[in-house]
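Protein chains in written order, with my numbering: chain V, 2 to 405; chain F, 20 to 95; chain B, 4 to 305. In this text, a Cβ means the ideal position worked out from N, Cα and C, and glycines have one as well. A short write-up of the structure that comes next.
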Amino acid sequence: MRLFEFESRQIVKDAGIPVTNYGYALSAEEARSAAAEIGGPVVIKSQVLTGGRMKAGGVKFADTPEEAAAHAAEILELEIGGHMPRGVLVDPKAEVEQEYYAGIVWDGTRKQPMMLFSDMGGIDIEEVAEQHPDHVGRGHFSNLLPFSDFQAKQVIAQTGVTGSELNRATPILAALARLFQTCDMTLAEINPLARLSDGRFVALDAHMDLEDEARPRQKALMAQLGIPAEEQREAHEATPFETAVTAIDSADHRGVIQGKDAGFHGNIGLVIGAGGGSLTLTDAVRSQGGKPANYSEIGGNPSVAKACGLAKAVLEKDGVEKIAVMMSIVSNTRVDIVARGVIKACLELGKDPGETIAIFRIPGAWEEEGFKILDHYGVEYCDRSVSMHEAARRAVEKVQGAAA
Amino acid sequence: MPGIFIDVEVAADARSDATLAAKLEEVCPVDIFAATESGVEIVEQNLDECVLCRLCLDAAPPGAVRVIKLYDGTEL
Amino acid sequence: MSILINEDTTFIVQGITGREAVNLTRECLDYGSKIVGGVTPGRKGREVHGVPVFDTIDQLIDHNGGAVPDGSVVTVPPGFTKDAVFEAIESGIGLIVIVTERIPRRDVAQMVELANLRGARIIGPNCLGLVVPGVAKMGGIGGPARNTEQAYQPGQVGVMSRSGGMTTEISSTLTAAGLGVSTAVSIGGDAIIGSTYAELMPLFEADEQTEAIVIYTEPGGRMEAQLAEWVAANDSRLPIVAFMAGRFMDDEEMKGMSFGHAGTIVEGKEDTASEKILRLEAAGIPVVERIDEIPDAVKAKL
C-alpha cells in the first residue's frame with residue numbers, strides 16, 4: 002500500500018529523522034495559515050499517489066500566504082494521472098547546499114533488505130546507479146540479528162562522503178533501516194535528503210510502500226496515520242466491474258475470484274484462472290490477435306454462485322457478447338462446478354450458452370462430469386490435449402467471426 | 020426457483036421424519052436440506068451447488084432420497 | 004533418482020487439521036508418501052486419515068522413537084507461519100515446504116535466514132510443493148493421486164515454476180510428449196521465496212535422471228536474472244527452456260499493477276517480461292511463446 006507524502010513524512014519524523022517544519026492543508030484557507038505560520042517562501046505540493054506531479058503542475062512556489070492560498074486552491078482541483086489530490090503539503094523553501102538519496106528496498110535474490118545511499122539526490126536512483134555507479138553505496142542487513150549504526154555508516158562511506166556529513170547522515174540512514182523493518186515497508190526512501198547551508202540534514206520528501214500482507218499487524222501505525230482498515234489503494238481507482246467482482250467474491254467464502262478491467266478495452270470476455278494460468282491465457286488471447294475485455298482469476302474451488310457471478314459481471318460489460326472460459330489443468334477447482342456457474346450466468350441473462358461461451362477449456366478434476374453438462378447445452382469444450390494457446394485461438398476466431 | 024442442473028427428491032413417507040431431516044441438514048455441505056417442524060424441506064436456491072458427494076444418500080434409508088442430474092437425466 | 008525427496012522421505016504436516024491440509028494429507032498418502040505425523044496446537048490425540056496429531060514437533064519425534072522427520076509441509080495461517088517454520092527448523096527438520104499465502108516479506112526473510120544458519124532448505128511460500136512422479140509428493144501439487152498420475156509420468160525433465168497450476172500444465176505437456184518429468188517443484192509465487200531457480204540448479208545438476216530443465220517465469224523480481232548469471236558462471240550440462248507468462252503486463256496502461264501472484268509486482272527496470280526474456284536468451288535459454296512449444300524446444304536441446 003503506497004503512502005502519501007504527508008504520511009511518509011510523519012513516519013520519518015516519528016522515527017526521529019529531522020524534517021522541515023511543514024504544514025498539511027485540506028483547503029486554501031488552511032494553506033494560507035500554514036504559510037503564515039512558516040513565515041517566508043513556501044512550496045505547495047499536491048498529495049497524490051502517483052509520480053510526475055512536478056511536470057503536471059502539482060508543485061508550486063509561493064512568496065506570501067496569499068499566493069500560497071491561491072496555488073493551493075488550484076492544486077486541490079488539479080487531477081494528476083487520474084488521481085485527485087488528498088490535500089497539499091506546505092513546505093518552507095529550504096536553503097539547500099546539497100541533495101542526497103537514502104533508501105531501503107528488498108533484495109529478493111539475497112532475501113534481505115538493502116540500504117542505498119547516494120550523494121547525488123533529487124533524481125531517480127536507478128538513473129544514478131546506471132550513470133554514476135561510484136556514487137551509490139549499498140549494503141544488506143540481517144532480519145534476525147539486531148541492526149547497528151555502523152552498517153549504515155559503511156554504506157554512506159562507500160560514496161566518499163566523510164567528515165561531519167558522514168556523522169550526520171549515518172543516524173538518518175540507520176533510522177530509516179530500522180523503520181523499514183518495524184513498519185513492514187517494501188520501500189522506504191528519502192529523496193531528497195538535504196544538507197542545509199547550516200550543515201543540518203532534513204528529509205525534504207519521503208516515499209513509502211507498506212506491504213499489504215502486513216496490514217493486519219500494522220493496525221497501530223494505520224490508526225496513527227488515520228488510515229481506515231478497509232481503505233484500498235490500487236494503482237488506479239476501482240472500476241465498476243472491479244467493484245462488482247470484489248463484492249461477489251466477498252459475499253461467499255468458497256473459492257476466490259478476481260477481476261480487473263482497467264487498461265483492457267477489448268470485446269472478448271475472459272473467465273479464466275488460476276494465477277499463472279490467467280497470465281498465460283491473457284497473453285495467449287492477445288498473441289492470437291484477440292482483444293480481452295478484462296482480466297480475471299478463478300481459484301480455490303469456487304461455488305457455482307461465485308463462478309456464475311464472475312461470468313455475469315463479464316457478460317454485462319459493454320461490448321462483450323461472448324466469453325472464453327479457460328484455465329490451466331485444475332486439481333482443486335472442479336470443472337463441473339465452473340461449467341454449471343458459467344452456463345447459469347448465460348441462462349440468467351437470457352443468452353444461449355452454446356452461442357455465448359466461445360470455448361470452454363478447463364481440464365482436470367471432475368472433467369467427465371463437466372463435459373456432460375457442456376454437451377447438454379451445446380457448448381464447445383476441449384480437454385488437456387488442446388493447448389491453452391490453441392483454445393485461445395479458437396475463442397478469438399469465434400468472437401472476431403461474430404464481430405465481422 | 021428450482022435447480023437448473025440438480026433436483027433432489029425426498030420420498031413422501033420420509034419427508035416428515037424429524038430424525039432424518041436433522042441428519043440430512045447436518046451432512047449436506049451445501050445446505051440443500053433444512054430441518055423444519057414439518058420435516059425435511061428442500062432449499063431450492065442451493066440445489067445447483069450440489070457437489071455430488073452422496074452424503075445424503077448414505078444418511079438416508081435406500082430410496083428415500085434421490086439426486087437427479089437434470090443435464091443427463093441420470094440419478095446419483 | 005530425483006531431487007529433494009525420494010521413496011524413503013518422511014515428512015509431517017503442520018496445521019494438519021485445516022481443511023486444505025486434510026485434503027493434501029489424503030492426496031499425499033494415496034500417492035505413496037510417508038507422512039509420519041501432524042501438528043496442530045491443542046489437537047493432540049486426534050487422527051487425520053490415520054496420521055496421529057500432536058501439539059508439538061517434540062512430541063511427534065518422541066512418539067516416533069526419536070526419529071526426526073526429513074521434511075514438513077506447513078499450512079498454518081499467515082500470522083502463525085513464522086513460528087511454525089522456526090519450530091520445524093529448530094527441531095532439525097531439513098526440508099520445509101510452505102504452502103501458506105500472504106505472509107509478510109519480513110517473516111519470510113527471517114525464516115530463510117534461520118534456515119540458512121541451520122542448514123535447512125525452504126520451498127515456497129505460496130507454493131503447492133513438489134512431486135517425484137511415481138515415487139512421492141510433498142504438498143497438494145497435482146491434486147488427488149489419480150490426477151497427479153495423469154499429469155506426471157517419470158521422465159528426464161526437471162520442472163521449476165512460480166505458479167503451482169502451471170507446474171501441472173507444463174508437466175502434463177511433457178508427459179503427453181513422452182518426455183516425462185524427473186522432479187517438478189512449485190517454487191512459489193511470492194517476491195521472496197526459500198529456493199529460487201538458481202538455488203535448485205545444483206541439485207538438478209547432480210541428479211542423473213534429469214537431462215533438461217523447463218522453467219515457468221513471470222514479471223517481477225530478479226530470479227530469472229540470477230538464473231542467467233548462474234548459467235554463465237557454471238558450465239552446466241543441463242539445457243534450459245523457459246516460458247514467460249504475463250507479457251501483457253509490459254503495457255504502459257498496466258504499470259504499477261500486479262496480476263496473478265504477489266511476486267509479479269514490478270519494482271525495477273529489470274523486472275519486466277521483455278527485459279527478462281532478453282536476459283534469459285542472452286544466457287542461451289530459449290524463451291518459448293506457447294506451452295505447446297515446450298516439448299520440441301526441449302527435444303531440440305537434448
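By alpha-carbon distance to K292(V), the top candidate from A176(V), Q152(V), K323(V) and K112(V) is K323(V).
According to the DSSP assignment, I173(B) belongs to the alpha helix (DSSP H) that extends over G167 to A179.
In the three-state DSSP reduction, K14(V) falls in the helix class (H, G or I).
Under the 8 Å criterion on CB atoms, I363(V) is classed as non-interfacial with respect to chain F. Taking a contact to require three or more Cβ pairs closer than 8 Å, the stretch 372 to 384 of chain V and the stretch 334 to 352 of chain V qualify as touching.
Within the stretch 276 to 306 of chain V, the complete alpha helix (DSSP H) segments at least 4 residues long are 276 to 288, listed from N- to C-terminus. Neighbourhood of V115(B) in chain V, by CB distance below 7 Å: K112, in chain order. Contact note: E221(B) reaches chain V through G277 and L280, using a C-beta cutoff of 8 Å and chain order. Under DSSP, W233(B) takes part in no beta bridge, so it has no partner.
Excluding residues up to 5 positions away in sequence, D120 and A170 lie with their Cβ nearer than 7 Å to the Cβ of V162(V) in the same chain. In the DSSP assignment, K302(B) falls within the alpha helix (DSSP H) that extends over I297 to K304.
The beta carbon of V272(V) sits no closer than 8 Å to any beta carbon of chain F. Taking 8 Å as the threshold, the shortest C-beta distance from Q132(V) to chain B does not fall below it.
Counting only residues of its own chain and dropping the five nearest sequence neighbours on each side, Q99(V) has a CB closer than 6 Å to the CB of R196. G40(B): member of the beta strand (DSSP E) spanning K37 to V42, first to last residue. Contact note: T171(B) reaches chain V through S329, I330, V331, S332 and G365, using a C-beta cutoff of 9 Å and chain order. Ranked by Cα distance from K88(F), the options V70(F), D36(F), R34(F) and P80(F) are led by V70(F). For H254(V), the three-state secondary structure derived from DSSP is coil. Assignment of beta-bridge partners to P114(V) by DSSP yields W107(V). Under the rule that a run must span 3 or more residues, the beta strand (DSSP E) segments found entirely inside the stretch 214 to 265 of chain B read 215 to 220 and 243 to 247.
Residue contact with chain B for Q182(V): present (Cβ-Cβ distance below 8 Å to some residue of chain B). Selection M55(V), A346(V), E398(V) and P93(V) evaluated against E80(V) yields M55(V) as nearest (Cα-Cα). Residues A32, A35, A73, G88, V89 and V91 of the same chain have their beta carbon placed closer than 7 Å to that of A26(V), with the five preceding and five following residues left out of the count.
Listed in chain order, the positions of the stretch 62 to 79 of chain F with a beta carbon within less than 8 Å of a beta carbon of chain V are D67, E68, V70 and L71. With a threshold of 8 Å between beta carbons, F262(B) makes contact with chain V.
In its chain, beyond the 5 residues on either side, L133 and M163 have a beta carbon closer than 6 Å to the beta carbon of V188(B). By the rule that beta-carbons nearer than 8 Å mark a contact, T283(V) touches chain B.
Excluding residues up to 5 positions away in sequence, V269 lie with their Cβ nearer than 8 Å to the Cβ of K258(B) in the same chain. In this structure, the alpha-carbon of R29(B) lies about 38 Å from that of L211(V). By the rule that beta-carbons nearer than 8 Å mark a contact, D50(F) does not touch chain V.
Taking CB atoms only, D91(F) has a neighbour in chain V less than 8 Å away.
Between V234(B) and G287(B), the C-beta gap is smaller than 8 Å, which places the two residues in contact. Shown here for T275(B): same chain residues with a beta carbon closer than 8 Å to its own, the five before and five after excluded, namely P222, M252, D253 and V269 in chain order.
Within chain V, the C-beta atoms nearer than 7 Å to that of I195(B) come from W107, G109 and K112, in chain order.
Between the C-alpha atoms of M260(B) and T240(V) there is a straight-line separation of about 14 Å. When rounded, the separation of the alpha-carbon atoms in T78(B) and D193(B) is 16 Å.
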